[in-house]
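Data block below; observations after.
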Amino acid sequence: MTTVQAYNDAQPGSGVSRRWVYLIGSPVVRPVKIGVSNDPEARLADLQVGSPVPLVLLWEAKGGQQLESALHQHFAAHRLHGEWFDFGEDDPISTVAAAAGMLGYGVPDLPAPCAPMVQASPSVRHVKPHTTQGRVLAALEAGPVTPRELASLVGMNRASVLRPVERLVFKRRAVRLHDGRIAKVEAPTAEPHDARTVCEARPEPLASQPQPRVP
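Sequential numbering from 0 applies to the sequence shown in numbering that gives the first Met the number 0.
As structure tokens, this is what we get:
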């Protein structure tokens with residue numbers, strides 16, 4: 000039996016693990032981590048503590064140790080060390096998701112993207128318009144784009160455009176969304192909100208709204 004056949008047999012209803020296989024990476028460097036956890040968001044927080052660059056949860060799917068081991072084996076040629084991989088110019092999200100599908104784990108569960116324009120913290124810094132960072136920021140005016148699309152918009156290669164993106168992220172003028180795209184961060188005009196508040200905001204139930212008084 001081949002590796003693909005073996006993992007195709009382990010489908011939901013036939014013993015597939017309920018643990019999450021996750022893909023964690025950064026908007027400023029290429030290496031990504033393929034690991035397994037009961038709580039990928041908590042694992043992201045742990046990894047961020049020791050990371051010199053911002054990290055985001057790029058992708059997750061249920062599959063446990065079996066799927067993680069299969070992906071590690073499948074991408075052995077791209078392994079840097081341990082659970083870290085470098086896919087070069089290929090998009091890591093679509094690459095890993097396609098491999099998981101090939102291994103029989105179906106459509107992955109992707110975190111819902113935040114609102115494209117999130118509010119910045121009070122530490123937002125000014126970016127001069129005629130610098131490379133200014134050109135990158137201007138290219139994000141129309142909305143979120145992938146790193147490859149951004150590189151094309153500013154006339155740079157994908158590897159080179161990551162440097163100004165790194166600076167913009169640290170200046171809190173850009174953010175990497177959960178789907179891998181890069182978005183501009185608007186400067187606050189009133190009370191600042193963090194990204195979690197923007198993503199999780201929900202309208203109040205209708206029943207809680209004040210009812211008009213009948214004369």
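From the three backbone atoms N, C-alpha and C, an ideal C-beta is built for every residue, glycine too.
Asked                                                                                                                       : Found
As assigned by DSSP and simplified to three states, the class of Arg134                                                     : helix
Buried or exposed (CB count within 10 angstroms, at least 16 for buried), Leu79                                             : exposed
Val160 and Pro53 closer than 9 Å at C-beta                                                                                  : no
Beta-carbon contacts of Leu43 that lie in its chain and below 7 Å, excluding the five residues immediately before and after : Ile23, Leu54, Leu56
Gln118 versus His125 - alpha carbon distance                                                                                : The predicted model places Gln118 with a pLDDT of 38, which falls under 50 and marks its position as unreliable, so this point remains unresolved.
Buried versus exposed call for Val48 [16 or more other C-beta atoms within 10 Å across all chains shown]                    : exposed
Residue of Pro163, Arg147, Val164 minimising C-alpha distance to Arg216                                                     : Nothing in the structure corresponds to residue 216, since the chain is present only between 0 and 214.
Residues near Pro39 by beta carbon distance below 6 Å, same chain, minus five either side                                   : Trp19, Tyr21, Leu56, Glu59
Same chain only: Cβ atoms within 7 Å of Pro223, ignoring 5 sequence neighbours per side                                     : Residue 223 lies beyond the stretch modelled for the chain, which goes from 0 to 214, so this question has no answer here.
Ala97, buried or exposed, once every other Cβ within 10 Å from all chains shown has been counted against 16                 : exposed
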